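**Student:** Here it is: the structure, laid out below.
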Amino acid sequence: MYLCLCMALSNNDIFKKLRVAHKLRDEDIVKICELADFKVSKSELGAFFRNENHPKYMECGDQILRNFLNGLVIHLRGPMPPKKASAGQSSAPKKRIYPKKD
5 MYLCLCMALS
15 NNDIFKKLRV
25 AHKLRDEDIV
35 KICELADFKV
45 SKSELGAFFR
55 NENHPKYMEC
65 GDQILRNFLN
75 GLVIHLRGPM
85 PPKKASAGQS
95 SAPKKRIYPK
105 KD
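Read in order, the letters of the sequence shown are residues 5 to 106 in this note's numbering.
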């Protein structure tokens with residue numbers, strides 16, 4: 005399988021495509037980011053969605069896109085249900101103890 009690097013999408017391109025695909029406005033995106041406990045302003049969003057040649061264009065970082073995607077999952081699926089721990093069992097993973105070999 006070959007990957008053409010000339011067609012790679014930037015975070016800004018991915019963000020724009022998701023906005024269009026889900027028909028989201030700036031207010032919607034701000035609310036979605038808040039679902040992931042991440043604050044972003046409308047003016048910041050405007051800078052991400054501008055043309056690359058515009059003087060106020062801003063590159064969308066990984067953290068911003070990651071938090072938007074986490075919020076989008078919550079927006080589309082709903083919050084994850086709390087995990088129930090059984091009586092007498094902790095939710096921590098069990099550690100295996102192996103005997104020493106002589």
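Note that beta-carbon positions come from the ideal geometry of N, C-alpha and C, so glycine has one too.
Fair warning: this is a prediction, and the values are worked out from it, not measured in the lab.
First and last residue of the alpha helix (DSSP H) that includes Glu-38?
**Tutor:** Stepping through the sequence shown from its first residue, residue 38 is reached at position 34. Residues 30-39.
**Student:** With a CB to CB cut of under 8 Å and the five nearest residues on each side skipped, what residues in its chain are close to His-23?
**Tutor:** Here residue 23 corresponds to residue number 19 of the sequence shown, with the count starting at 1. The residue asked about is misnamed: residue 23 is Arg in this sequence, not His. If we look at Arg-23 and ignore the five residues flanking it on each side, its Cβ neighbours are Ile-33 and Phe-53.
**Student:** Am I right that Ile-78 and Leu-39 are in contact with their C-beta atoms under 8 Å? What's the rounded C-beta distance?
**Tutor:** Taking the first residue of the sequence shown as position 1, residue 78 is located at position 74. Taking the first residue of the sequence shown as position 1, residue 39 is located at position 35. Contact flag correct, Cβ pair sits at about 4 Å.
**Student:** If we call anything under 7 Å between Cβ atoms a contact, is Ile-18 one with Gly-75?
**Tutor:** Your numbering for residue 18 matches position 14 in the sequence shown. Your numbering for residue 75 matches position 71 in the sequence shown. The answer is no: Cβ separation not under 7 Å.
**Student:** Assign Asn-71 to buried or exposed, taking buried as 16 or more other Cβ atoms, counted over all protein chains shown, within 10 Å of its Cβ.
**Tutor:** Locating residue 71 in the sequence shown gives position 67, counting from the first residue. Under this definition Asn-71 is a buried residue.
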